[in-house]
Amino acid sequence: MSHGVENNGISRRRFLSISLAAVGGVVALRPRWSAAQDENKEGSQAEGARSAGQVTRWAFLSDTHIAGDPEDNYRGFYPSRNLQKTFAQIAADLPEGLVVTGDIARLTGQMEDYENFRKLLIPLVGRRPIYLALGNHDNRVNFLDVFENPAGRKQAVKGKHIVTVDAGPVRFILLDSLFSTNETMGLLGKAQRTWLQQYLQTSDDKPVILFFHHSLRDDDGDLQDLPRLFDIIKPVTKVKAIVYGHSHEYGFSDLEGIHLINLPAVAFAFGNDQPIGWVEARLGRAEGEFVLHAIGGNTDQDGRARQLRWRS
Ligand SMILES: [Zn+2]
Numbered sequence: 003m004s005h006g007v008e009n010n011g012i013s014r015r016r017f018l019s020i021s022l023a024a025v026g027g028v029v030a031l032r033p034r035w036s037a038a039q040d041e042n043k044e045g046s047q048a049e050g051a052r053s054a055g056q057v058t059r060w061a062f063l064s065d066t067h068i069a070g071d072p073e074d075n076y077r078g079f080y081p082s083r084n085l086q087k088t089f090a091q092i093a094a095d096l097p098e099g100l101v102v103t104g105d106i107a108r109l110t111g112q113m114e115d116y117e118n119f120r121k122l123l124i125p126l127v128g129r130r131p132i133y134l135a136l137g138n139h140d141n142r143v144n145f146l147d148v149f150e151n152p153a154g155r156k157q158a159v160k161g162k163h164i165v166t167v168d169a170g171p172v173r174f175i176l177l178d179s180l181f182s183t184n185e186t187m188g189l190l191g192k193a194q195r196t197w198l199q200q201y202l203q204t205s206d207d208k209p210v211i212l213f214f215h216h217s218l219r220d221d222d223g224d225l226q227d228l229p230r231l232f233d234i235i236k237p238v239t240k241v242k243a244i245v246y247g248h249s250h251e252y253g254f255s256d257l258e259g260i261h262l263i264n265l266p267a268v269a270f271a272f273g274n275d276q277p278i279g280w281v282e283a284r285l286g287r288a289e290g291e292f293v294l295h296a297i298g299g300n301t302d303q304d305g306r307a308r309q310l311r312w313r314s
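3 is the number of the first residue of the sequence shown in this note's numbering; add one for each residue after it.
Encoded structure:
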């Protein structure tokens, strides 16, 4: 995002006050499958439950802002080093896969940005799928040139990179909110919204998690067609959560019962109160658990878990 947008005021505070109330009510809950998982490590009969796909573990990342130059830095943060550290942590205890919610590239989506990202990805290549969504600092043409065949089932909406993923107990839909490279605002657009509406009508009843880049406040740099998106997803109760980035601020909130999960940036923080890092998610049919892995910035919340129950 541009540097102006993080200084928003009232709308964000209002949003967060709702969210804190919502999160406060569920933090203490321990998902039913957590206990089963712990037993699983000791080889108990929980193995059966897990292999039946009741819980799936993922790494969620955002705003990697990788430049062609590995030494590129901002505010004392080195995005390439941070991504290297993140991928090393993920490789040490492999989840089912990874999702990156955009701003893969530093500013304008240069070919060499994506080439460097691909180099950094080598420890994970061929081991786990990595699903990539595009942000306002990405360039769709260059991205698709470097990642000729990105992971996931591609959906045909002209000029948009949309991917769906069957992730066991849940389904992911990665949308494309890139409107114009290096302009801050985001837009899904009518064709993509229409596609989503139709897709949700025909897909099965698995819980759906939406992923895209842009944040969901009411500023000029946010997702501009958020109200229209909510008109579509609010009545579709299988849509449980939206995971996004853009703000470089880690936080949980809630709108119309749909959980909004704002991932921290991997690359750099704008504010000293913010962590950089990634989020480990354990997802089931009724709930999800989200653990922050803070690798820099404010690490006070490192390791902290949040439990969210899905709406029904
Ligand atoms: Zn952004």
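Where a beta carbon is used, it is the ideal one built from N, C-alpha and C, also for glycine.
Inter-residue spacing [alpha-carbon to alpha-carbon] between V241 and V172: 10 angstroms
What does the alpha-carbon distance come out to for the pair K121 and K87? 13 angstroms
Residue nearest to G104 in terms of C-alpha spacing, selected from A271, Q199 and L134: L134
On the three-state DSSP scale, how would you describe R284? strand
Taking 8 angstroms as the cut-off, does the region 78-93 touch the region 278-288 (at least 3 CB pairs, one atom from each stretch)? yes
Roughly how many whole angstroms lie between the Cα atoms of I263 and V245? 5 angstroms
From the DSSP secondary-structure annotation, give me the bridge partner or partners of A271. DSSP output for A271 lists no bridge partner at all.
For A271, I'd like the list of residues in its chain whose CB is within less than 6 angstroms of its CB, leaving aside the five on either flank, ordered along the chain. H250, I278 and G299
Determine the DSSP secondary structure at V159, reduced to helix, strand or coil. coil
For E73, name the three-state secondary structure that DSSP assigns. coil
So the alpha helix (DSSP H) N84 belongs to, where does it begin and stop? P81 to A94
Please classify I235: is it buried, with 16 or more other beta-carbons within 10 angstroms of its beta-carbon, or exposed? buried
Quick one: using the 10 Å Cβ neighbour count with 16 as the cut-off for buried, is T196 buried or exposed? exposed
Any heavy atom of ligand 1 closer than 7 angstroms to the beta-carbon of N138? yes
Cα-Cα separation between A69 and G290, rounded to whole angstroms: 33 angstroms
To the nearest whole angstrom, what separates the beta carbons of L146 and I164, a pair I think is in contact under 8 angstroms? Not quite, the Cβ-Cβ distance comes to about 13 angstroms (not below 8 angstroms), so this is no contact.
Could you work out which residue in A283, R313 and I297 is closest to A169 when comparing CA atoms only? A283
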